[in-house]
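Asks: Residue numbers (our numbering), protein chains in the order written: chain E, 42 to 157; chain V, -19 to 91.
(1) Please list, in chain order, the chain V residues whose beta carbon lies closer than 8 Å to that of residue 132 of chain E.
(2) Could you pull out every residue in the same chain whose Cβ sits closer than 6 Å to the Cβ of residue 64 of chain E, ignoring the five residues on either side in sequence?
(3) Taking the alpha carbon of residue 158 of chain E as the point to measure from, which residue in E:121, E:115, E:146 and E:144 has its own alpha carbon closest?
(4) What residue range does the beta strand (DSSP E) around residue 57 of chain V cover?
(5) Note down, in chain order, each residue of its chain lying with its Cβ closer than 7 Å to the Cβ of residue 88 of chain E, except the 5 sequence neighbours on either side.
(6) Is the stretch -1 to 15 of chain V touching the stretch 53 to 73 of chain V in the sense that three or more CB pairs, one from each, lie closer than 8 Å?
(7) Under 7 Å Cβ to Cβ from residue -18 of chain V, same chain only, skipping five residues before and after it: list those, please.
(8) Using only the alpha-carbon positions, how far apart do residue 111 of chain E and residue 70 of chain E sit?
(9) Within 8 Å (strictly less), CB to CB, does residue 155 of chain E reach chain V?
(10) Could you work out which residues of chain V lie near residue 151 of chain E, taking near to mean beta carbons separated by less than 8 Å?
(11) Whose C-beta lies closer than 8 Å to the C-beta of residue 24 of chain V among residues of the same chain, with five residues either side of it excluded?
(12) Are there 16 or more other CB atoms within 10 angstroms of the CB of residue 40 of chain V, so buried, or fewer, so exposed?
(13) Mind pulling the chain E residues with CB within less than 8 Å of residue 12 of chain V?
(14) With a threshold of 16 other CB atoms inside 10 Å of the CB of residue 50 of chain V, please say whether the residue is buried or exposed.
(15) Looking at the unbroken beta strand (DSSP E) that takes in residue -14 of chain V, where does it start and where does it end?
(16) Could you list which residues in chain E have their beta carbon closer than 9 Å to that of residue 81 of chain V, in chain order?
(17) Under 6 Å Cβ to Cβ from residue 155 of chain E, same chain only, skipping five residues before and after it: list those, please.
(18) For residue 33 of chain V, which residues in chain E fall below 8 Å Cβ to Cβ?
(19) Residue 148 of chain E versus chain V: which residues are under 7 Å apart at the beta carbon?
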């Protein structure tokens, strides 16, 4: 499976500021996703990062709050904008390589965000 | 959209006994059902998956069964060991579409 890294691994931020999280994969993949996992909760899909076009957001998530970039097939960023304490969560990217005929998703190590 | 329910939310079993976690899904078009294990502070790791063209799949102590008619699937762990303690998530998708996750089961193995 692909090797996935995320930066930063954790951060503590002040409310009203923004944080950009990076996701890097060691091989080209067709699909990249961003999830949020609140404490002791399940995984909630924020959006699908589309290479070369705008991300596809799930209900309840908007581009102004969570802008996403995907400049190529190995890299994506998620920005959490104008943060509030309710944004404190773990943010995970995942990848899926449909070109290899698989729809299996593999997760990055996550970014633990605390907003004060 | 798809809705996945998972039960129980917590499960404690004696070491060596079996554990069963059950999930139901709502969309009959779903055809891919993975299970993830998440240890404390770690990323979710895929442990087994099943597609709708088979009814059961086994990998050593882990097995998954699928009942398409009833729209439910289950994870079976036999001869449980302390390292099986974790949170387990089921998920469903139509294949090549997004995964919808269950709410998770916290499994504790009692030595």
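Glycine included, every Cβ here is placed at the ideal spot set by N, Cα and C.
Replies: Put simply:
(1) In the first chain, residue 132 of chain E corresponds to position 91, counting from 1. Correct list: empty, because the minimum Cβ distance to chain V is about 12 Å.
(2) For the purposes of this step, residue 64 of chain E is taken as the residue at position 23 of the first chain. 47, 117, 134 and 149.
(3) Residue numbering for chain E in the displayed model covers 42 to 157; residue 158 of chain E lies beyond these limits and cannot be assessed.
(4) Here residue 57 of chain V refers to the residue found at position 77 when the second chain is read from its first residue. Where residue 57 of chain V is concerned, the enclosing beta strand (DSSP E) stretches over 52 to 57.
(5) For this step, residue 88 of chain E is matched to residue 47 along the first chain. Correct list, in chain order: 75, 96, 97, 98, 99, 102, 107 and 109.
(6) yes
(7) Taking the first residue of the second chain as position 1, residue -18 of chain V is located at position 2. Once the five neighbours on either side are set aside, the close Cβ partners of residue -18 of chain V are 5, 6, 7, 10, 72 and 80.
(8) The residue labelled residue 111 of chain E in the question sits at position 70 within the first chain. The residue labelled residue 70 of chain E in the question sits at position 29 within the first chain. Cα to Cα, residue 111 of chain E sits roughly 11 Å from residue 70 of chain E.
(9) Taking the first chain and counting its residues from 1, one reaches residue 155 of chain E at position 114. With 8 Å as the cut-off, residue 155 of chain E does not count as an interface residue toward chain V.
(10) One-based indexing of the first chain puts residue 151 of chain E at position 110. In chain order: 23.
(11) For the purposes of this step, residue 24 of chain V is identified with residue 44 of the second chain, where counting begins at 1. Only 16, 17, 18 and 69 meet the Cβ criterion.
(12) For the purposes of this step, residue 40 of chain V is taken as the residue at position 60 of the second chain. Exposed, since its Cβ has fewer than 16 Cβ neighbours within 10 Å.
(13) Taking the second chain and counting its residues from 1, one reaches residue 12 of chain V at position 32. The answer, in chain order, is 144.
(14) Taking the first residue of the second chain as position 1, residue 50 of chain V is located at position 70. Classification of residue 50 of chain V: exposed, given that the 10 Å Cβ count is below 16.
(15) Mapped onto the second chain, residue -14 of chain V falls at position 6. Where residue -14 of chain V is concerned, the enclosing beta strand (DSSP E) stretches over -16 to -13.
(16) Taking the second chain and counting its residues from 1, the one referred to as residue 81 of chain V is at position 101. Per Cβ cutoff of 9 Å: 76, 83, 84, 85 and 86.
(17) As a working note, residue 155 of chain E is residue 114 in the first chain. Closer than 6 Å at Cβ, skipping near neighbours: 53 and 129.
(18) Counting from one through the second chain, the residue named residue 33 of chain V turns up at place 53. Under the 8 Å cutoff, chain E gives no residues; its nearest Cβ is about 14 Å from residue 33 of chain V.
(19) Translated into the one-based positions of the first chain, residue 148 of chain E becomes position 107. Within 7 Å Cβ-Cβ: 23 and 24.
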